[in-house]
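Note sheet for the following structure.
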Amino acid sequence: MHPRLTFALAIMEAIAILSYAISGLVEARTKRLDGVGTFLVAMATAFGGGTVRDILLDRRPFSWVEHQWYPIVIFVLCCFAPMVLRTFDRVINERVLLVTDAIGLGLFSISGTSRALDAQMPWFVASMMGVATGVFGGIIRDVICNEVPLILRDSRPYATCALVGCWVYLLLDYINFDTVYSVLIATGFILVARLVTFKLDVRLPH
Amino acid sequence: MHPRLTFALAIMEAIAILSYAISGLVEARTKRLDGVGTFLVAMATAFGGGTVRDILLDRRPFSWVEHQWYPIVIFVLCCFAPMVLRTFDRVINERVLLVTDAIGLGLFSISGTSRALDAQMPWFVASMMGVATGVFGGIIRDVICNEVPLILRDSRPYATCALVGCWVYLLLDYINFDTVYSVLIATGFILVARLVTFKLDVRLPH
Amino acid sequence: MHPRLTFALAIMEAIAILSYAISGLVEARTKRLDGVGTFLVAMATAFGGGTVRDILLDRRPFSWVEHQWYPIVIFVLCCFAPMVLRTFDRVINERVLLVTDAIGLGLFSISGTSRALDAQMPWFVASMMGVATGVFGGIIRDVICNEVPLILRDSRPYATCALVGCWVYLLLDYINFDTVYSVLIATGFILVARLVTFKLDVRLPH
């Protein structure tokens, strides 16, 4: 892989993890959880999807065990949550969050599919595990906070974009397209699909 | 095993899985989940119990990984959920659902107990894992849909029938009764116990 | 280890497990769950934290598989739940429960941290797994019973005491202090910290 691509992917991953963690942090604050509660919900949102996938694939170590700095950074963010949220209100608006969350959805779903394929999962199961990686963080967040998971009940396509993107990746993998470019194309597909369907206010039939 | 028995068990298993999946589908529709959300809830209901048991036993592959056609069929059902539910309202009534669900409860609980024994679990733990296989699908469905699990709060015996059936199986296994017949007898016991207690409106004390 | 210490630790563990199980039993009764439902919630509360930790560490057998008598005792308690709760109201008051629960929080958190270190987890992750061992039982109880987890939303420090105690243990371990005494000191720290902050009505900022 080109070193620039590696670097770009690492940056995107950091953005995605932080973006998921912050969505957990915001939800935890609305439920008035304490510092450690906020941390648990933020961690579950950021790493829940990948952890569920790794448990299903019987794969260790988890990414948050390998990269201990992620939990430490999220812990510090949660300790200063009121301050973080105030700064964050000034600097970051909903549109930015929508984009960073879509980057996370794309990256997590495609990396999940790719790891499931590495573990010899059949194709449909691999795409399911990809979507699970992308959306289970948010599901666990909402289950702990006692809500019907938002991403399952939103009429705007969210998990659906992730699923179609995983199929794009499976197709590219099937025709033996270069892996790095497949990841980038499929991740970009999910990102663009999520933003375009959101912008055009596409609604799924109930 | 006689080929006819194998065939009968395979048919019963398909009925049980579809019956559990449809109960997830119905619940997901009442919560107005989208297509992928409906699929996740239907899958969790149909395979959640077995997956929890296999994670506890550290057993792979999961049945929905080995038999990829089950998730694919459930996915297609969920894509056409409104149509499926309309047809289903015309063809299938509550009494049919009660019977198919009881078949599922019996089969899943006994196969769970049997697999836990194969993994050298002690007898009481094996019966717990059997019940968990039978009821965790419904529990996960209700937790995702933000309800107190129905099968834990129903005053009619449900999990209790499963538990007693698992003990029947353990007893037959203890006296070295033929495994296939033990499975059939214990499954039949749960099926009949569930239907009879339902019909007689037996209530557990709270 | 001195045989008296081993004995004291075993007694404390039994008190902790029963205390957690009874808190599950009480919660299950307020939700009017049936006998098997009460048992599942009591088991999840008593062993949920350790089971989640062991799944994350890929460690088997679970303690409730190794010590089958615990689930059997809890099952008997749940079968006679109304009678148990009546006796219990007469004999045990809230203050006793607070102390037994604090013993559980201390023991589970420190034993969780210690097992995570044995499994070569990095230090911060080990302290997270310690806290998870102490608090996930209660979280699973509340999620099944459809409540926002109490221990995450209580403004009195609960998980926070556990986290600081885990760090005390990590520090003692780092300076190669004797393991048995480290466990006792850190467990005692959590116990005292919980009781003192409760007594002084210390509140965490939201």
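Residue numbers (UniProt numbering), protein chains in the order written: chain A, 1 to 206; chain B, 1 to 206; chain C, 1 to 206.
Idealized CB from N, CA, C, for every residue including glycine.
With distance defined between alpha-carbon atoms, name the residue in the options nearest to residue i.
{"i": "Ala42 of chain B", "options": "B:Phe177, B:Ile139, B:Asp154", "result": "B:Ile139"}
{"i": "Ile15 of chain A", "options": "A:Leu40, A:Tyr70, A:Thr51", "result": "A:Tyr70"}
{"i": "Ser116 of chain C", "options": "C:Ala81, C:Arg156, C:Asp58", "result": "Note that residue 116 of chain C is Ala in the sequence shown, not Ser. Answer by Cα proximity: C:Asp58."}
{"i": "Glu94 of chain B", "options": "B:Leu195, B:Pro205, B:Leu204", "result": "B:Leu195"}
{"i": "Ile92 of chain B", "options": "B:Val26, B:Ala119, B:Ser155", "result": "B:Val26"}
{"i": "Gly134 of chain B", "options": "B:Gly37, B:Met83, B:Leu191", "result": "B:Leu191"}
{"i": "Leu85 of chain A", "options": "A:Leu163, A:Val164, A:Ala21, A:Ala186", "result": "A:Ala21"}
{"i": "Asp118 of chain A", "options": "A:Gly35, A:Pro205, A:Arg53", "result": "A:Arg53"}
{"i": "Phe62 of chain B", "options": "B:Thr38, B:Ala28, B:Gly112", "result": "B:Gly112"}
{"i": "Leu40 of chain A", "options": "C:Phe189, C:Tyr174, C:Leu152, C:Val183", "result": "C:Leu152"}
{"i": "Leu98 of chain B", "options": "B:Thr45, B:Leu204, B:Phe198", "result": "B:Phe198"}
{"i": "Asp142 of chain B", "options": "B:Ala8, B:Ile11, B:Phe7, B:Ser23", "result": "B:Ser23"}
{"i": "Val65 of chain A", "options": "C:Met121, C:Asn176, C:Gly137", "result": "C:Met121"}
{"i": "Ala46 of chain C", "options": "C:Leu33, C:Lys31, C:Phe189, C:Cys78", "result": "C:Cys78"}
{"i": "Thr30 of chain B", "options": "B:Ala81, B:Thr6, B:Ala8, B:Phe7", "result": "B:Ala81"}
{"i": "Glu13 of chain A", "options": "A:Tyr181, A:Asp101, A:Asp89", "result": "A:Asp101"}
{"i": "Ser155 of chain A", "options": "A:Gly188, A:Val202, A:Arg60", "result": "A:Val202"}
{"i": "Leu18 of chain C", "options": "C:Val96, C:Ile185, C:Leu56, C:Leu200", "result": "C:Val96"}
{"i": "Ile11 of chain B", "options": "B:Leu204, B:Arg32, B:Ile103, B:Leu163", "result": "B:Ile103"}
{"i": "Gly165 of chain A", "options": "A:Asp89, A:Gly137, A:Ile185, A:Val180", "result": "A:Ile185"}
{"i": "Ser182 of chain C", "options": "C:Ser114, C:Ile72, C:Val36", "result": "C:Ser114"}
{"i": "Ala193 of chain C", "options": "C:Leu105, C:Asn176, C:Thr179", "result": "C:Leu105"}
{"i": "Leu204 of chain B", "options": "C:Ile175, C:Asp34, C:Ile72", "result": "C:Asp34"}
In three-state terms, what does DSSP make of residue i?
{"i": "Met129 of chain A", "result": "helix"}
{"i": "Arg60 of chain B", "result": "coil"}
{"i": "Leu33 of chain A", "result": "coil"}
{"i": "Ala119 of chain A", "result": "coil"}
{"i": "Cys145 of chain C", "result": "coil"}
{"i": "Val156 of chain B", "result": "The identity of residue 156 of chain B in the sequence shown is Arg, whereas the question assumes Val. If DSSP states are grouped into helix, strand and coil, Arg156 of chain B belongs with coil."}
{"i": "Asp54 of chain A", "result": "helix"}
{"i": "Leu204 of chain B", "result": "coil"}
{"i": "Phe177 of chain C", "result": "coil"}
{"i": "Ile190 of chain A", "result": "helix"}
{"i": "Ile92 of chain A", "result": "coil"}
{"i": "Phe75 of chain A", "result": "helix"}
{"i": "Phe80 of chain B", "result": "coil"}
Please compile the residues from chain C whose C-beta is within a distance smaller than 7 Å of the C-beta of residue i.
{"i": "Phe39 of chain B", "result": "Those within 7 Å of Phe39 of chain B in chain C number zero; the least Cβ separation is about 22 Å."}
{"i": "Cys145 of chain A", "result": "Val148"}
{"i": "Ile15 of chain B", "result": "Residues of chain C passing the Cβ test: none, with the nearest at roughly 24 Å."}
{"i": "Leu152 of chain B", "result": "Leu33, Asp34, Gly37, Leu40"}
{"i": "Val168 of chain B", "result": "What Val168 of chain B touches in chain C: nothing, since even the nearest Cβ is about 16 Å away."}
Residue i versus chain B: which residues are under 7 Å apart at the beta carbon?
{"i": "Gly48 of chain C", "result": "Result: empty, since nearest Cβ-Cβ is about 12 Å, beyond 7 Å."}
{"i": "Phe124 of chain A", "result": "Gln68, Pro71, Ile72"}
{"i": "Leu163 of chain A", "result": "Val36"}
{"i": "Met12 of chain A", "result": "Correct list: empty, because the minimum Cβ distance to chain B is about 23 Å."}
Give me the chain B residues within the contact set of residue i, using Cβ-Cβ distance strictly less than 9 Å, ordered along the chain.
{"i": "Leu57 of chain C", "result": "Residues of chain B passing the Cβ test: none, with the nearest at roughly 12 Å."}
{"i": "Ser155 of chain A", "result": "Arg32, Asp34"}
Cβ closer than 8 Å: which chain B residues qualify as neighbours of residue i?
{"i": "Thr160 of chain A", "result": "Asp34, Gly35, Val36"}
{"i": "Val53 of chain C", "result": "Reading off the sequence shown, one finds Arg at residue 53 of chain C, where the question assumed Val. Ordered by position in chain B, no residue passes the 8 Å Cβ test against Arg53 of chain C, which lies about 14 Å from the chain."}
{"i": "Val196 of chain A", "result": "Simply none; closest approach about 17 Å."}
Using a Cβ cut-off of 7 Å, pull out every chain D residue sitting near residue i, in sequence order please.
{"i": "Leu204 of chain B", "result": "Protein chains A, B and C are contained in the structure displayed, whereas chain D is not."}
Could you name the residues of chain A that residue i contacts, counting a contact when the two beta carbons are closer than 8 Å?
{"i": "Val65 of chain B", "result": "Met121, Pro122, Val125"}
{"i": "Met128 of chain C", "result": "Met43, Pro71"}
Quick one: list the residues of chain A neighbouring residue i, beta-carbon separation under 7 Å, in chain order.
{"i": "Arg60 of chain B", "result": "Asp58"}
Mind listing the chain C neighbours of residue i? Cutoff is C-beta to C-beta under 9 Å, in chain order.
{"i": "Val26 of chain B", "result": "In chain order: nothing, as chain C lies at least about 19 Å away."}
{"i": "Val84 of chain B", "result": "Simply none; closest approach about 28 Å."}
Taking 8 Å as the cut-off, does the region 146-154 of chain B touch the region 144-164 of chain C (at least 3 CB pairs, one atom from each stretch)? Contact between the region 144-164 of chain C and the region 146-154 of chain B is present, because at least three Cβ pairs lie under 8 Å.
Using 8 Å as the threshold, is the region 124-135 of chain B in touch with the region 157-175 of chain B, meaning 3 or more CB pairs across them? Touching, yes, given that three or more Cβ pairs across the two stretches are closer than 8 Å.
Between the region 157-164 of chain A and the region 95-109 of chain A, are three or more C-beta pairs nearer than 8 Å? The region 157-164 of chain A vs the region 95-109 of chain A: in contact.
Curious, which full-length alpha helix (DSSP H) runs of at least 4 residues does the region 1-32 of chain A contain? The region 1-32 of chain A contains these whole alpha helix (DSSP H) runs: 3-30.
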